[in-house]
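Enquirer:
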Amino acid sequence: MKKVPLFKTLSLVIPVYNEEKRIKESLKKIVSYLNDVCAEYEIIIVDDGSSDKTQDVVKEMATDRFRIILVNENRGKGYAVKKGMLVARYEYVLFSDADLSTPIEELEKFSKHIENFDIIIGSRAMKDSNIEIHQPWFKEFLGRVGNKVIQFMLLPGIQDTQCGFKLFNKKSLAVFEKQTINRWGFDFEILWLAKKMGFRIKEIPVRWINDFGTKVSGFSHYINTFTELLKIRWNSITNKYNLQNNDRDTNI
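Its first residue numbered 1, the sequence shown is counted upward by one per residue in my numbering.
(1) I need the boundaries of the beta strand (DSSP E) containing threonine 9, first residue and last residue.
(2) Short check: CB of lysine 99 to CB of aspartate 211, under 8 Å?
(3) Any heavy atom of the ligand ATP closer than 7 Å to the Cβ of phenylalanine 141?
(4) What residues are listed by DSSP as bridge partners for isoleucine 69?
(5) The alpha helix (DSSP H) that contains leucine 34, what's its start and end?
(6) Compare the C-alpha of phenylalanine 226 against each of Ile181, Asp64, Ile209 and name the closest.
(7) As a quick exercise: from Glu106, His113, Asp118, pick the residue whose alpha carbon is nearest that of glycine 164.
(8) Assuming valine 46 and lysine 83 are in contact, meaning their beta carbons sit under 8 Å apart, how far apart are those beta carbons, in whole angstroms?
(9) Is serine 96 helix, strand or coil when you go by DSSP?
(10) What residues match up with glycine 122 in a beta bridge as DSSP calls it?
(11) Drop a sphere of 10 angstroms on the beta-carbon of phenylalanine 7, count the other beta-carbons inside from all chains shown, and report buried for 16 or more, exposed for fewer.
(12) Using 10 angstroms around the beta-carbon of isoleucine 133, count the other beta-carbons present and answer buried if the total reaches 16, otherwise exposed.
(13) Smallest Cα separation from aspartate 257: which of Lys148, Leu167, Met153?
(14) Would you mind reading off the limits of the alpha helix (DSSP H) that contains glutamate 108?
(15) Looking only at C-alpha atoms, which of Arg200, Gln162, Ser129 sits nearest to glutamate 145?
(16) Hey, phenylalanine 66 and valine 81 are a contact pair by Cβ (cut 8 Å); roughly how many whole angstroms apart?
(17) Check whether the stretch 232 to 242 touches the stretch 201 to 208, counting contact only when three or more Cβ pairs, one atom from each stretch, lie closer than 8 Å.
(18) So, with DSSP's three-state summary, where would you put leucine 167?
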C-alpha cells in the first residue's frame, strides 16, 4: 500500500565522482524509497568530472525524473553540490552522498521538522546517533578534533557539520549563491552563512554506515579543510560575503 507522501515535492541532489561501482545500487534504493514517500520528485546527478563509467551507469538508470549535470573537470564536492542545489525546482531540496552512508530512509525523520526549520542536517555526533559501521579509529579521532575546531572558530552549537545528508527549503537555498568553497569545507561554510542570514537550523541524529570506498583519505584532506576554515574567517572579516544587512544570530 502506498504511503501518505512525506513531501509533496522534493529535489534530491547527488554529487558523484568515479562512482561506477556503487551508484547503480544507490539509485535503485533511492528511486524505490522516493516513489513511496514523495508525490513528485526529481533526482539531480552532478558528475564532477568522473574519469570512469559513472556517466554511462547513470544514463542507463535515468528516467524522466532524472536530471544529469556534467562538469568537465573535477572541481570538488562543494562545487558539484552548489551546481545542483541552484537548479533544483522543488520546495524541499536534499543533498546526499552517493554511497548512502546515511540511508535514504532517514529522510522520514527530517519530514517531521520541515514546518519549523529551514535547514535540517543529519548528525553522527549526537547522543542518539546510530553508527552501525565505524570509520577507522584515527579518522574518527581526527573528525572529532575537527568538529571541535569548527565549533570553536565558526559554528558553536552544531556537533557535526560534515554529514553528507542535509535538507533545505527553497528560500534557504540563497546560501549557495554566496558559497565560495568548492571542496570539503563547503558544509561548514553554508551552515555559517545560513546562521548569519537568519535561517533556522535543526540538527538531528541519524543512522550512519561507513563506506570504506570513501573518497576522503589522507592527512592532507584535514589540512586542506582547516585552510578552508581560515579562508571563511578571512572572507567574513573582509566582508566578501556582503552580509552587513543579514548578520543576526539564529538559535540552533
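Even glycine gets a Cβ: it sits at the ideal position worked out from N, Cα and C.
Quick caveat: nothing in here was measured; it's all calculated off a predicted structure.
Expert: By the coordinates alone:
(1) For this step, residue 9 is matched to residue 9 along the sequence shown. 7 to 16 is the extent of the beta strand (DSSP E) around threonine 9.
(2) Numbered from 1 along the sequence shown, position 99 holds the residue referred to as residue 99. Numbered from 1 along the sequence shown, position 211 holds the residue referred to as residue 211. It is aspartate, not lysine, that sits at residue 99 in the sequence shown. Contact flag set, yes.
(3) What this structure holds is no ligand at all, so the ligand ATP is not there to describe.
(4) As a first step, residue 69 is located in the sequence shown; it is residue number 69 there, counting from the start. Its beta-bridge partners are Val46.
(5) Within the sequence shown, residue 34 is the residue found at index 34, counting from 1. Counting along the chain, the alpha helix (DSSP H) containing leucine 34 begins and ends at 23 to 37.
(6) Residue numbering aside, residue 226 sits at position 226 when the sequence shown is read from its first letter. Phenylalanine 226 has its Cα closest to that of Ile181, out of Ile181, Asp64, Ile209.
(7) Numbered from 1 along the sequence shown, position 164 holds the residue referred to as residue 164. Closest by alpha carbon: Glu106.
(8) Counting from 1 along the sequence shown, the entry for residue 46 is found at position 46. Counting from 1 along the sequence shown, the entry for residue 83 is found at position 83. Sure, about 5 Å apart at Cβ, within 8 Å.
(9) Along the sequence shown, read from residue 1 onward, the residue named residue 96 stands at position 96. Serine 96: strand per DSSP, three-state reduction.
(10) As a first step, residue 122 must be located in the sequence shown, where it is residue number 122. Looking at the DSSP assignment, glycine 122 forms a beta bridge with Ile204.
(11) Taking the sequence shown and counting its residues from 1, the one referred to as residue 7 is at position 7. The residue in question, phenylalanine 7, is buried, as its Cβ has 16 or more Cβ neighbours within 10 Å.
(12) Here residue 133 refers to the residue found at position 133 when the sequence shown is read from its first residue. Answer is exposed; the Cβ neighbour count stays below 16.
(13) The requested residue 257 does not occur in the structure, where the chain is confined to residues 1 to 252.
(14) Here residue 108 is taken as the residue at index 108 of the sequence shown, counted from 1. Start and end: 107 to 111.
(15) In the sequence shown, counting from the first residue as 1, residue 145 sits at position 145. For clarity, residue 145 is valine in the given sequence; the question names glutamate instead. The shortest Cα separation from valine 145 among Arg200, Gln162, Ser129 belongs to Gln162.
(16) For the purposes of this step, residue 66 is taken as the residue at position 66 of the sequence shown. For the purposes of this step, residue 81 is taken as the residue at position 81 of the sequence shown. Actually they do not touch by this definition, with Cβ atoms about 17 Å apart.
(17) no
(18) Counted from its first residue, the sequence shown places residue 167 at position 167. Three-state result, leucine 167: strand.
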